[in-house]
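Protein chains: 2
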Amino acid sequence: MTSTPQPSRPSSLDAEIAARLKRSADGLVPAIAQQYDTGEVLMLGWMDDEALHRTLTTGRCTYWSRSRGEYWVKGDTSGHVQYVKSVALDCDADTVLVKVDQVGAACHTGAHTCFDADVLLKDGDSGVPAADQ
Amino acid sequence: MTSTPQPSRPSSLDAEIAARLKRSADGLVPAIAQQYDTGEVLMLGWMDDEALHRTLTTGRCTYWSRSRGEYWVKGDTSGHVQYVKSVALDCDADTVLVKVDQVGAACHTGAHTCFDADVLLKDGDSGVPAADQ
Numbered sequence: 001m002t003s004t005p006q007p008s009r010p011s012s013l014d015a016e017i018a019a020r021l022k023r024s025a026d027g028l029v030p031a032i033a034q035q036y037d038t039g040e041v042l043m044l045g046w047m048d049d050e051a052l053h054r055t056l057t058t059g060r061c062t063y064w065s066r067s068r069g070e071y072w073v074k075g076d077t078s079g080h081v082q083y084v085k086s087v088a089l090d091c092d093a094d095t096v097l098v099k100v101d102q103v104g105a106a107c108h109t110g111a112h113t114c115f116d117a118d119v120l121l122k123d124g125d126s127g128v129p130a131a132d133q
Numbered sequence: 001m002t003s004t005p006q007p008s009r010p011s012s013l014d015a016e017i018a019a020r021l022k023r024s025a026d027g028l029v030p031a032i033a034q035q036y037d038t039g040e041v042l043m044l045g046w047m048d049d050e051a052l053h054r055t056l057t058t059g060r061c062t063y064w065s066r067s068r069g070e071y072w073v074k075g076d077t078s079g080h081v082q083y084v085k086s087v088a089l090d091c092d093a094d095t096v097l098v099k100v101d102q103v104g105a106a107c108h109t110g111a112h113t114c115f116d117a118d119v120l121l122k123d124g125d126s127g128v129p130a131a132d133q
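From first to last, the protein sequence lines stand for chains Y and U.
Per this note's numbering, the first sequence starts with residue 1, numbered consecutively.
Per this note's numbering, the second sequence starts with residue 1, numbered consecutively.
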């Protein structure tokens, strides 16, 4: 994409990071939370510039809630805190990967990760001949 | 969110899956590609209903390219194919996690993953006192 929406809200995010961040039309980028030691993908949230800034500077994962329209510090309500271990942007700066140490369940359903319950395909059983794999 | 945009394009996706898929305003959902055995997060792409259908049924990861406005079978140009091992939706059906076996580099830059080059924070060095972690 040749242009990117500007931040929707005021932010203290480092100007150089903000300059290369490529936001969706709603001013957000998807943020993948991954357990730092096991590699499990825990959940995907959304960050605006300020949520990324807070994630980088407070040691706690902070997201922008699209449904509630407010910042959301993971674990503030549930106790299921995500302590930030590392943060990276992807090659075109439109996705964040946060490696975290997750306290308790990552999912609001109580499941360990948000991807445990709704498995569409397992064990590569898509009918593709083994010779093609 | 109480409603979700409908598919933008015709699709053969299973009707029950399509009924619970919660798409962004552009009709897409983010899709995380993770190496199935090492747990590395390789990249994030975008899928519409038909890209998800093809990913579920062909054994190859298929995305919707937002910049080119077309389907994109990972590896068709580069040879860096992603063979599908499993596919899951998250708890609110607005994100896809695809575990894959990645051939070669996942990133178009030649890097192993798309998250290798632009690290914003390492080793939890956010200045949070150790006692709080």
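Every residue gets a Cβ at the ideal spot worked out from N, C-alpha and C, and that includes glycine.
These figures come from a predicted structure and were not determined experimentally.
- Counting other Cβ atoms within 10 Å of its Cβ, U:A51 reaches 16 or more and is therefore classed as buried.
- T55, L56, T57, T58, G59, R60, R66, S67: these are the residues of the region 54-77 of chain U whose beta carbon lies less than 9 angstroms from some beta carbon of chain Y, given in chain order.
- Taking C-beta atoms as the reference points, Y:D76 and Y:P7 fail to come closer than 9 angstroms.
- The C-beta distance from U:L21 to U:A93 rounds to 5 angstroms, short enough to fall under 8 angstroms.
- Beta bridge pairing from DSSP links U:E70 with U:S65.
- For the options Y:E40, Y:M47, Y:A106, Y:V41, the alpha carbon positioned closest to that of Y:L13 is the one of Y:M47.
- Rounded to the nearest angstrom, the gap between the Cα atoms of Y:G104 and Y:T38 is 14 angstroms.
- Neighbours of U:D123 across chain Y, judged by C-beta separation under 9 angstroms: K85, S86.
- For U:A88, the uninterrupted beta strand (DSSP E) run begins and ends at 82-89, by DSSP.
- With contacts defined as CB atoms closer than 9 angstroms, Y:V29 and Y:T95 qualify as a contacting pair.
- Two segments are said to touch when three or more pairs of C-beta atoms, one from each, lie closer than 8 angstroms; by this definition the region 64-72 of chain Y does not touch the region 99-115 of chain U.
- Residue burial is scored here from C-beta neighbours: U:R68 has fewer than 16 other C-beta atoms within 10 angstroms and is therefore classed as exposed.
- For U:A25, the number of other beta carbons within 10 angstroms of its own is below 16, and it is reported as exposed.
- In this structure U:V98 is in contact with U:T55, their Cβ atoms being roughly 6 angstroms apart against a cut-off of 8 angstroms.
- With respect to Y:L44, Y:C114 sits close: the two C-beta atoms are nearer than 9 angstroms.
- Inclusion of Y:D123 and U:K122 in the CB contact set at 9 angstroms is not warranted, their separation being larger than that value.
- With distances taken between CA atoms, Y:Q35 lies nearest to Y:D101 out of Y:H53, Y:D101, Y:R9.
- Note that the C-beta distance between U:Q82 and U:R66 is not below 9 angstroms.
- With the criterion set as a beta carbon lying under 9 angstroms from some beta carbon of chain Y, the members of the region 30-44 of chain U are P30, I32, Q34, Q35, Y36, T38, G39, E40, V41, M43, L44, in sequence order.
- Distance from the CA atom of U:G27 to the CA atom of U:G79, rounded to whole angstroms, is 28 angstroms.
- Under the 9 angstroms criterion on CB atoms, Y:H108 is classed as interfacial with respect to chain U.
- Under a 10 Å Cβ-count criterion, Y:A15 is classified as exposed, with fewer than 16 other Cβ atoms of the shown protein chains found around its own Cβ.
- Under a criterion of Cβ atoms nearer than 9 angstroms, no residue of chain U is adjacent to Y:A15; the nearest Cβ is some 13 angstroms distant.
- DSSP lists U:Q82 as the bridge partner or partners of U:Q102.
- What Y:T95 touches in chain U, judged by beta-carbon distance under 7 angstroms, is L44, going in chain order.
- One Cα belongs to Y:V119, the other to U:A111, and the distance between them is close to 29 angstroms.
- Distance check between U:I17 and each of U:A31, U:H53, U:R9 places U:H53 closest, using alpha-carbon atoms only.
- Proximity of U:S12 to chain Y, defined by a Cβ-Cβ separation below 9 angstroms, is not satisfied.
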